[in-house]
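A.B. asks:
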Ligand SMILES: Cc1ncc(COP(=O)(O)O)c(C=O)c1O
């Protein structure tokens, strides 16, 4: 048997590169795309090792390496140190709501970053809608095509509310969006070209990872310390390549929880100015005014964007958010918004602004703030001695697992005792190895008792350690 035919029998997947003309490495990429589309390669499946596939096809290893790299750039596959190159699937790897259906009915869900369920939410929303229904002029205005950035009066009201929260902003610099995720997408789509680089903390919000992938942006992970992104690491990354935009969550990083001091923010601004980087501050995970540092756009108004949404304070289903844009960049952002949806829905901004700024929502927001803090206290009490990082008003805690727990194993063990949490994988930028850590959200249960029960179950698992499965041979 020749080397080639022996290699062919050992390959789990054999592409038909002769179907395609042009360079062999591109033919191989086309075959990967075709096999993913027709299901010959399934999501998560490992591509053959490069040397083996090269032997099987009678091409050089360099050709296979180049094609795998190109397939990764196109978002078809993902290379991870130690686990080869695997098929990625169509969707970016963000936590989806579908896992809930896999959770058993009595499972306690601590996986989603959502507002705490409360009957008052519906009651307040109903009051808001009734108010709007009784104002024919509002209804009239909502039925018209909207001003592209959002109704001026709504933007003024929102700017006043933001000022009351320590975020002074010129209402004319605000653009309404369909939630925070849309604001992330809009900013990156309008201001960063495919192939250019964006940077963020090495562990970051999966929705941002999804945007970078969707827009074919290079995503550069920046190392962090107890205060989040390190200016020196950002500086070094900028010396290696041109970075167009930096994504930050200075109040607390989702998922790892680090908070940036104002000095750290200033040091990052200094690097950003030196290398001409735009900064996008995602403040969707909202914290009260007393806890806020300087927004980046106060420190560097010419290059900083700012995102707020009502998703964590009032309701994620409203899909209402806002993007603060430096005046010099407004034209590009508005070109992007027009291409996407022209303008956002007037009825939605009407309802969101009325709820947020009329005082109707205040008791709920205050209650949730206090409740979140108490839930964190319960969690820390039960998991004392373990490494938890969180913001007292943030929706989640980040648990670094003790040896020898591995994150995926811990998530599975938690599911077996009726607790749903997520591991670190969806938060990892690029192909760096995921840390052995999990994110625990304290907001999905209706009451504290569920937090207590879940915390007890997790504490027991941590104390007992993983069960020893037979090692496959
Ligand atoms: C940091 C961050 N940004 C954006 C979003 C998405 O916000 P929205 O639901 O308003 O689209 C989330 C949601 O969890 C988030 O955590």
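In our numbering, the protein residues as written are 12 to 484.
Beta carbons are placed, not taken as given, at the ideal position from N, Cα and C, and that holds for glycine.
#1: Which residues in the same chain have their Cβ closer than 6 Å to the Cβ of residue 113, if we skip the five residues on either side of it in sequence?
#2: Report the residue ranges of all alpha helix (DSSP H) runs contained in full by the segment 27-90; include only those spanning at least 4 residues, in chain order.
#3: Would you say residue 192 touches ligand 1, meaning its beta carbon is less than 8 Å from a heavy atom?
#4: Residue 257 bridges to which residues according to DSSP?
#5: Which one or two residues does DSSP pair with residue 439 in a beta bridge?
#6: Tell me, please, whether the segment 304-320 touches the segment 266-284 by the rule of three or more beta-carbon pairs shorter than 8 Å.
#7: Using CA atoms only, rank isn't needed, just tell me which of 448, 163, 118, 402 is closest to residue 184.
#8: May I have the straight-line CA-CA distance separating residue 225 from residue 306, to the nearest angstrom?
#9: Report yes if the C-beta of residue 323 is less than 8 Å from at least one heavy atom of ligand 1; otherwise report no.
#10: Given that a residue counts as buried once 16 or more other Cβ atoms are within 10 Å of its Cβ, and exposed if not, what is residue 475?
#11: Per DSSP, residue 239 forms a beta bridge with which residues?
#12: With DSSP as the reference, label residue 391 as helix, strand or coil.
#13: Quick check on DSSP: helix, strand or coil for residue 107?
#14: Quick test of the definition: if touching needs 3 or more C-beta pairs under 8 Å, does the segment 187-204 touch the segment 246-254?
#15: Would you call the segment 73-84 and the segment 117-136 in contact, with 3 or more CB pairs under 8 Å?
#16: Taking all protein chains shown into account, do 16 or more other C-beta atoms lie within 10 angstroms of the C-beta of residue 269, making it buried, or fewer, making it exposed?
#17: How many angstroms separate the CA atom of residue 464 from the CA atom of residue 426?
#18: Rounded to the nearest angstrom, how far is the Cβ of residue 398 from that of residue 411, given a contact under 8 Å?
#19: When the Cα of residue 90 is compared with those of 61, 46, 71, which residue comes out closest?
#20: Check whether the Cβ of residue 332 lies closer than 8 Å to any heavy atom of ligand 1, and answer yes or no.
#21: Are there 16 or more other CB atoms within 10 angstroms of the CB of residue 154, so buried, or fewer, so exposed?
#22: By a C-beta neighbour count over all protein chains shown, 10 Å radius and 16 as the cutoff for buried, is residue 443 buried or exposed?
#23: What three-state label does DSSP hand residue 329 in the structure shown?
#24: Please check the pair residue 329 and residue 359, which I expect to be a contact at CB under 8 Å, by giving their CB distance rounded to whole angstroms.
#25: For residue 452, name the three-state secondary structure that DSSP assigns.
#26: List the residues that DSSP assigns as beta-bridge partners of residue 408.
#27: Short check: CB of residue 325 to CB of residue 378, under 9 Å?
#28: Find the nearest neighbour of residue 451 within the set 466, 45, 457, judged by alpha-carbon distance.
#29: Looking at the secondary structure, which residues open and close the beta strand (DSSP E) in which residue 187 lies?
#30: Helix, strand or coil: how does DSSP classify residue 95 here?
#31: What does the Cβ neighbour count give for residue 54, buried or exposed, with the cut at 16 atoms within 10 Å?
#32: Determine the contact status of residue 462 and residue 449, defining contact as a CB-CB distance below 9 Å.
C.D. replies: With the structure as the only source:
#1: Numbered from its first residue, the chain shown carries residue 113 at position 102. In this prediction, residue 113 has a pLDDT of 45, which is less than 50 and means its spatial position is unreliable; nothing more can be read from the coordinates.
#2: 35-48, 61-68, 72-84
#3: Counting from 1 along the chain shown, the entry for residue 192 is found at position 181. Yes - ligand 1 has a heavy atom lying nearer than 8 Å to the Cβ of residue 192.
#4: Taking the first residue of the chain shown as 1, we reach residue 257 at position 246. Partner(s): 210, 290.
#5: The residue labelled residue 439 in the question sits at position 428 within the chain shown. 214.
#6: Enough Cβ pairs lie closer than 8 Å, so yes.
#7: In the chain shown, residue 184 corresponds to position 173, counting from 1. Among 448, 163, 118, 402, the Cα nearest to that of residue 184 is on 163.
#8: As a position in the chain shown, residue 225 is number 214, starting the count at 1. As a position in the chain shown, residue 306 is number 295, starting the count at 1. Residue 225 and residue 306: Cα-Cα distance of roughly 27 Å.
#9: If you number the chain shown from 1, residue 323 lands on position 312. Flag set: Cβ of residue 323 near ligand 1.
#10: Working through the chain shown from its first residue, we reach residue 475 at position 464. Its Cβ having fewer than 16 others within 10 Å, residue 475 is exposed.
#11: Counting from 1 along the chain shown, the entry for residue 239 is found at position 228. DSSP output for residue 239 lists 236 as bridge partner(s).
#12: Residue mapping note: residue 391 aligns to position 380 of the chain shown, counting from 1. In this structure, residue 391 counts as helix in the three-state DSSP scheme.
#13: Along the chain shown, one-based indexing puts residue 107 at 96. Annotation note: pLDDT 47 at residue 107 (below 50); position unreliable, no value reported.
#14: no
#15: no
#16: Numbered from 1 along the chain shown, position 258 holds the residue referred to as residue 269. That one is buried.
#17: Position 453 of the chain shown, counted from the start, is the residue given in the question as residue 464. Position 415 of the chain shown, counted from the start, is the residue given in the question as residue 426. Each residue's Cα considered, the two are about 14 Å apart.
#18: As a working mapping, residue 398 is identified with position 387 in the chain shown. As a working mapping, residue 411 is identified with position 400 in the chain shown. Indeed, because the Cβ distance is near 4 Å, the residues count as touching under 8 Å.
#19: Within the chain shown, residue 90 is the residue found at index 79, counting from 1. Proximity to residue 90 across 61, 46, 71 peaks at 61, based on C-alpha coordinates.
#20: As a first step, residue 332 must be located in the chain shown, where it is residue number 321. Checking the Cβ of residue 332 against ligand 1 gives yes.
#21: Within the chain shown, the letter at position 143 stands for residue 154. Exposed, by the Cβ-count rule.
#22: Reading the chain shown from its first residue, position 432 is the one you call residue 443. Residue 443 should be labelled exposed.
#23: Stepping through the chain shown from its first residue, residue 329 is reached at position 318. It is helical.
#24: Here residue 329 is taken as the residue at index 318 of the chain shown, counted from 1. Here residue 359 is taken as the residue at index 348 of the chain shown, counted from 1. Confirmed, about 6 Å.
#25: Indexing the chain shown from 1 puts residue 452 at position 441. Strand.
#26: Numbered from 1 along the chain shown, position 397 holds the residue referred to as residue 408. Looking at the DSSP assignment, residue 408 forms a beta bridge with 401, 451.
#27: Position 314 of the chain shown, counting from 1, holds the residue named residue 325. Position 367 of the chain shown, counting from 1, holds the residue named residue 378. Not closer than 9 Å, so no.
#28: Start at 1 with the first residue of the chain shown, and residue 451 comes out as number 440. Nearest of 466, 45, 457 to residue 451, Cα basis: 466.
#29: Residue numbering aside, residue 187 sits at position 176 when the chain shown is read from its first letter. 185-188 is the span of the beta strand (DSSP E), which, as asked, contains residue 187.
#30: Looking up residue 95 in the chain shown gives position 84. Residue state, collapsed to three classes: strand.
#31: Residue 54 sits at position 43 when you count from the first residue of the chain shown. Burial call: exposed.
#32: One-based indexing of the chain shown puts residue 462 at position 451. One-based indexing of the chain shown puts residue 449 at position 438. No, the Cβ-Cβ distance between residue 462 and residue 449 is not below 9 Å.
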